[in-house]
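Numbering (this note's numbering), first residue to last: 16 to 91.
First up is the structure itself, then whatever we jot down about it.
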Amino acid sequence: MVYSAFYKNFCVAIKILRYHYDNNEDANNKIVHEIQLNQQMSLYHNNIARLYGITKEGARKTFSLVMEYANDGGNV
């Protein structure tokens with residue numbers, strides 16, 4: 016799921032990642048992998064949305080990635 020929001024007067028995309036792991040280590044490994052892929056790909060391609068930050072909500076078992084908003088209709 017992806018939402019748009021405003022942070023410090025600019026639009027960002029909030030990408031919600033749900034994890035269904037009993038083991039927090041597995042969930043952490045998955046999210047670290049996603050972050051590493053984003054960082055590697057954004058170095059080589061201008062059309063990859065930048066990652067600004069991340070939050071974790073344990074009760075809902077979600078991570079929220081705060082990313083560059085693609086205002087030209089692109090996908091995150």
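A virtual CB, placed ideally from N, CA and C, is assigned to each residue, including glycine.
All values reported here derive from a predicted model rather than from experimental measurement.
Same chain only: Cβ atoms within 6 Å of residue i, ignoring 5 sequence neighbours per side
i   : result
E83 : A64 and R65
N53 : L66
I46 : F78
Three-way DSSP call (helix, strand, coil) for residue i in this model
i    : result
Y84  : coil
Y34  : coil
I63  : coil
K179 : In this structure the chain extends from 16 to 91, so residue 179 is not present and cannot be described.
Expected contact under 8 Å - CB spacing of residue i and residue j to nearest Å
i   : j   : result
V81 : G73 : Contact flag wrong, Cβ pair sits at about 18 Å.
Cut-off 7 Å between Cβ atoms - residues of its own chain near residue i, not counting five sequence neighbours on either side
i   : result
N43 : none
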